[in-house]
Amino acid sequence: MVSIIVPVYQERNLNQFLKQFENLKGEFEIIIVSGDKQNYNTLSFELFRCKKGRAAQMNYGVKHAKFDIIWFLHADSKIEKNSILKIENFLKTNLLGAFKIKFDNDKFLMKICAFMSNLRLKLGGIAFGDQGMFMKKEIFYTLGGFREIEIMEDYDFSLRAKKKWFKFTNTNGTIMTSSRRFVSNGIIKTMIKMQLCRLMFKLGVKQEKIIRFYNANS
Numbered sequence: 001m002v003s004i005i006v007p008v009y010q011e012r013n014l015n016q017f018l019k020q021f022e023n024l025k026g027e028f029e030i031i032i033v034s035g036d037k038q039n040y041n042t043l044s045f046e047l048f049r050c051k052k053g054r055a056a057q058m059n060y061g062v063k064h065a066k067f068d069i070i071w072f073l074h075a076d077s078k079i080e081k082n083s084i085l086k087i088e089n090f091l092k093t094n095l096l097g098a099f100k101i102k103f104d105n106d107k108f109l110m111k112i113c114a115f116m117s118n119l120r121l122k123l124g125g126i127a128f129g130d131q132g133m134f135m136k137k138e139i140f141y142t143l144g145g146f147r148e149i150e151i152m153e154d155y156d157f158s159l160r161a162k163k164k165w166f167k168f169t170n171t172n173g174t175i176m177t178s179s180r181r182f183v184s185n186g187i188i189k190t191m192i193k194m195q196l197c198r199l200m201f202k203l204g205v206k207q208e209k210i211i212r213f214y215n216a217n218s
């Protein structure tokens with residue numbers, strides 16, 4: 001039994017995203033947490049509203065989760081039909097998990113990007129939000145939840161987990177995510193920019209400066 005938490009903000013394709021859950025195996029609930037006042041067609045799934053901010057929205061979703069296992073998904077993710085079963089089996093012997101990422105683009109550079117993300121997860125224990133982070137609620141609260149910062153809350157969570165000797169590991173499952181930002185802003189340029197943002201974050205650069213740099217010319 002898994003609570004799936006989906007933060008949204010001015011999301012245009014939510015209905016399309018939700019349709020994939022019609023074929024999902026296992027017992028689950030979907031908690032959609034909106035940071036705006038937009039009217040969404042959420043099919044039969046529950047919609048909550050709170051203040052804007054992905055971290056705040058995900059924390060809010062956890063508070064309303066009925067099940068012990070929580071799974072964070074971005075609204076542009078495409079998942080496998082047996083993902084719930086993989087998560088439940090995985091957490092029998094592991095504490096923190098995420099999926100191997102694949103982009104909806106077969107360009108060589110996007111394959112390199114996916115390879116690097118998966119290698120970082122496998123060797124470094126670092127997961128990002130687009131990899132579908134999941135864990136038990138108890139572990140989430142033990143690690144302090146998401147720090148309500150404006151950017152890189154997923155990276156921050158992974159780093160804090162490692163400091164407490166927790167580590168994300170990958171399932172044998174895959175999650176597909178959008179390559180839209182990479183394609184529209186330039187694949188190499190976006191890859192370099194993301195690496196620099198992570199470095200800036202680790203060096204303690206102020207959030208405002210990281211956000212300005214991240215959004216520049218995008």
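Per the UniProt record's numbering, the sequence shown runs over residues 1 to 218. Beta carbons are placed, not taken as given, at the ideal position from N, Cα and C, and that holds for glycine.
> So, is L91 buried or exposed, given that buried needs 16 or more other C-beta atoms within 10 angstroms?
Replying inline: buried
> So the alpha helix (DSSP H) A216 belongs to, where does it begin and stop?
Replying inline: Neither: A216 is in no alpha helix (DSSP H) and is coded neither H nor E.
> Which ranges does the beta strand (DSSP E) cover as unbroken runs of at least 3 residues, wholly within the region 112–178, from first to last along the chain?
Replying inline: 134–136, 168–177
> Which whole runs of the alpha helix (DSSP H) in the UniProt domain "Glycosyltransferase 2-like" (3–109) are 4 residues long or more, in chain order?
Replying inline: 14–19, 54–63, 83–90
> Does the distance from the CB of N23 to the CB of K81 come in under 8 Å?
Replying inline: yes
>> Here's the rule I'm using: 16 or more other beta-carbon atoms within 10 Å means buried, otherwise exposed. How should G204 be labelled?
In response: exposed
> Does DSSP put K202 in a helix, in a strand, or in coil?
Replying inline: helix
> Taking just the CA atoms, how far does I31 sit from N41?
Replying inline: 13 Å
> Is I69 near V8, with beta carbons less than 8 Å apart?
Replying inline: no
> What does a CB cutoff of less than 7 Å around Q38 pick up in its chain, not counting 5 residues either side in sequence?
Replying inline: Q10
> Would a C-beta distance cut-off of 8 Å place D106 and T177 closer than the cut-off?
Replying inline: no
> Relative to the C-alpha of F99, which residue among I210, T171, K209 is closest?
Replying inline: T171
> Relative to the alpha-carbon of G129, which residue among I84, E208, N118 has its alpha-carbon at the smallest distance?
Replying inline: N118
> So T135 packs on L85, CB below 8 Å; how close in whole Å?
Replying inline: Note that residue 135 is Met in the sequence shown here, rather than Thr. Not quite, the Cβ-Cβ distance comes to about 17 Å (not below 8 Å), so this is no contact.
> Alpha carbon to alpha carbon, what distance is there between E148 and K164?
Replying inline: 19 Å
> Grouping DSSP H, G and I as helix and E and B as strand, with all else coil, what is M1?
Replying inline: coil
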